[in-house]
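A short worksheet on the structure shown next.
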Amino acid sequence: MKPAKTPKSRGKPQGQSTEYALIDTQVNAASQNFQRYKAFSYYLHTSQAVSENSELEITFNPEYQQLAIHQLQLIREGKTVNVLRPEIFRLLQKEEDLRNGIYHGAVTAVAIIPDTRPGDRLDYSYTISGRNPVYGNKIFGALNFGWGVDVGYSRLRVLVPRDVKLQTRVHDLELNYKKRRKGDTVEHTWEADSVAGRTDEGDYPPWFVRYPFIEYSEYTSWQEVVAWAEDLYGSVDANSAELDKLVKQLQKKAKTPREYALAALEFSQEQIRYLGLEFGENSHLPHSPAVVLENRYGDCKDKTNLLVQLLRKRGIDADPTLVSFDFGRGFTEFLPSPLAFDHVIVHAQIDGQQVWLDPTRTHQAGRIQDRGFLEFGKGLIINNERADPVAEIAPLEGQIDQIDVTETFSTARFDQPVKLRIESRYTGDQANYQRYFFNSNSVAEISDKFLNFYAKIYPNIRRNRAVTFDDNRAFNEFTIVEQYEIPEFFTAQDNLYSSTYYASAIEQYLVQPQTIRRESPAAIGQPKRVSHRIVVEFANDVELYIDSTPVVKQQPAVEYRSRSQLIGKRFEHRAQLWVKKSWVDSANMADYLALTKEIQQDIDFSLTLGYPANKKPSAAINALVDALQ
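Final position of the sequence shown in the working numbering is 683; the numbers increase by one with none missing.
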């Protein structure tokens, strides 16, 4: 490896306590044990910098990697202080994905650096040798080349065997690039001086990559990635007496391929708990169905492989499909490599219909064709017979999550409490979430949460009865009913009565990013249709002026409609929000925010009326009409 020279300090950067002078990464893929070298230099200008940078953490996997620390030193007033001593290091198995049910076996070397002071420069470097054998001999990798802070000098140097044809790609940054042949190796180098930090605007869509990065890959096509994955899944023994027994049990319950597939999916989802023992090659290599059925646990690849084998044994075409939570459909903008993916689901053909199934999901219901569409956008089907393995993961026609809320206010007299009945109906993923929520909390807890939510709108509200719900699993509809009473709902003045209303469901799904002025797109949630209907039932006819002109507001990402009407003793206001796509481009952000403000004004309104109604409007009503006009 070639250590880089640390640039001289340019002084404390504005807004930063630490001056990041050097970030150097070197990859020796020509070495038999695949070495990755890292070197860093920081100027610690303040006590805050000392506090933030006096602990060193390096993570590696001892099952197939070794860590060698070359340098750990402080430079103070021109003198070098070597602080690389074994006693300051501890090895910790932190398992940071444990809360997600995943064990990696990775270990973190932690050093508490002694005697750091403001004004010091901290230098350290290390090499991690070895790579997960599951990746085979193909060379690929990626490296961030942008950060939230300024960096004085940054470099990536990659050495590969001379006969390797390496594809490279730089995203969103101009860099100095050099390619040199040296004996039996080829050296690729990217470097940059004064890399400016980038503001974290947050709320990014999955396909948007926040920082510039470099990628390199020996893979020339996605078909080659399919071949790699197919070798993995094909190497797993699918023969199992327990699996055959399960197939027979499922066939007894199912008369058609569709019913069988649904039963197999539900078994994989609900009877195999999610737990990933991703040690070594099992980070990507699934365990056999026999092992999964014996243990009754597995992660996404284990559950997917089990479901694929269950479907194939019934004669249903099924294949694993690699997808990305982090990048969504954006993985196709990258060079082909296994790094593009972090999840796997099932693609199947059932009765001539394409379906996408995720056996890691729970609390799903409805038809099998309605259960698989998620936000991935695209996936890589692991089947080498396909000419193009990259497939569009699209919803069926008309398939979209729906939320329908109806609030009915019933009153006999204005000086008596108003009865409020709220019925909320959810479909699609929204129904799945509510099903999960009600399975994870008691009805008493949920009733209290809902009461406190409405108390923010109507402080005097009180509950008439506990929340009830109906779970229609056949159609995946989840309905919730709440019943309340609101004293002093109407405010009286000059023989007029006023009351306020708020279409809260619209506001709940009308997403605004935290950072308003931005250069990046903002995520606003998955496409959905939301309807909030407010009904006010009076005991007698009332004098009430309303503008029944429909309100229509549209943007590329959202559409909003509302209308009010009075028919006899019944007032109705209906507001509808359609989230058409899951993000807003930065160029449309100002218009989108203006639209959200208009919508928020429309969903928060008051009614002023006279009661009982006279044949002729009162002077007060006429005055109100004149004012409104």
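Just so it is clear, CB atoms sit at the ideal spot from N, CA and C, and this is done for glycine as well. Quick caveat: nothing in here was measured; it's all calculated off a predicted structure.
Quick test of your reading: Ala83 and Val214, contact by CB under 8 Å. State the CB separation rounded to the nearest angstrom.
5 Å
Kindly indicate the opening and closing residues of the alpha helix (DSSP H) around Ala344.
343-349
Rounded to the nearest angstrom, what separates Cys354 and Ile399 at their Cα positions?
7 Å
By the three-class DSSP mapping on this structure, what secondary structure does Arg517 have?
strand
Do Lys62 and Gln80 come within 9 Å of each other at the CB atom, strictly closer than that value?
no
By a C-beta neighbour count over all protein chains shown, 10 Å radius and 16 as the cutoff for buried, is Lys367 buried or exposed?
buried
Grouping DSSP H, G and I as helix and E and B as strand, with all else coil, what is Ala83?
coil
Are Tyr265 and Phe199 closer than 9 Å when you measure CB to CB?
yes
Under three-state DSSP, which class holds Thr603?
coil
Would you call Ala629 buried or exposed, if buried means 16 or more other Cβ atoms sit within 10 Å of its Cβ?
buried
Rounded to the nearest angstrom, what separates Ser248 and Ile657 at their Cα positions?
49 Å
Closest Cα partner of Lys232 within the set His225, Ala246, Asp226:
Ala246
Whole angstroms is fine: what's the gap from Arg519's alpha carbon to Asn506's?
14 Å
Using the rule of at least 16 other Cβ atoms within 10 Å of the residue's Cβ for burial, across every protein chain shown, is Asp469 buried or exposed?
exposed
Integer Cβ distance of Glu20 from Ile476, believed to fall under 8 Å:
The question about residue 20 has no answer here: the residues shown for the chain are numbered 55 through 683.
Return helix, strand or coil for Arg64, following the three-state DSSP convention.
coil
Helix, strand or coil: how does DSSP classify Pro57 here?
coil
Helix, strand or coil: how does DSSP classify Glu269 here?
strand
Whole beta strand (DSSP E) elements within the region 197-224, 3-residue minimum:
205-215
Pull up the distance between the alpha-carbon of Thr533 and that of Val459, whole angstroms please.
10 Å
Taking DSSP's pairing of strands, which residues face Leu146 in a bridge?
Thr162
Contact defined as beta carbons within less than 8 Å: I believe Phe395 pairs with Leu365. What is the distance between those atoms, to the nearest angstrom?
About 21 Å separates the two Cβ atoms, so there is no contact after all.
Using a Cβ-Cβ cutoff of less than 6 Å, which residues in the same chain neighbour Gly482 once the five nearest sequence positions on both sides are dropped?
Asp455
Beta-ladder partner(s) of Tyr538, from DSSP
Leu474, Arg517
DSSP beta-bridge partners of Trp632:
Arg583, Glu613
Rounded straight-line distance, which links the Cα of Trp261 to that of Gln86:
35 Å
Let me confirm a value: Lys59 is counted as buried when at least 16 other C-beta atoms fall within 10 Å, else exposed. Which label applies?
exposed
Quick one: what's got a C-beta closer than 7 Å to Phe44's C-beta in the same chain, skipping five residues either side?
The displayed coordinates of the chain run from 55 to 683. Any statement about residue 44 would go beyond what the structure contains.
Three-state secondary structure (DSSP) of Ile193:
coil
Local Cβ density within 10 Å of Gln484, reported as buried at 16 or more and exposed below that:
buried
In the DSSP assignment, the alpha helix (DSSP H) including Thr650 goes from what residue to what residue?
643-657
Ala648 to Arg583 span [Cα, whole Å]:
20 Å
Beta-carbon separation of Pro413 and Leu360 under 9 Å?
yes
Report the option in Ala559, Ala441, Thr113 whose CA atom is closest to the CA atom of Val280.
Ala441
Classify Phe114: buried if its beta carbon has 16 or more other beta carbons within 10 angstroms, exposed otherwise.
buried
With DSSP as the reference, identify every bridge partner of Gln685, one or two as the case may be.
Only positions 55 to 683 of the chain appear in the structure, and residue 685 is not among them; the question remains open.
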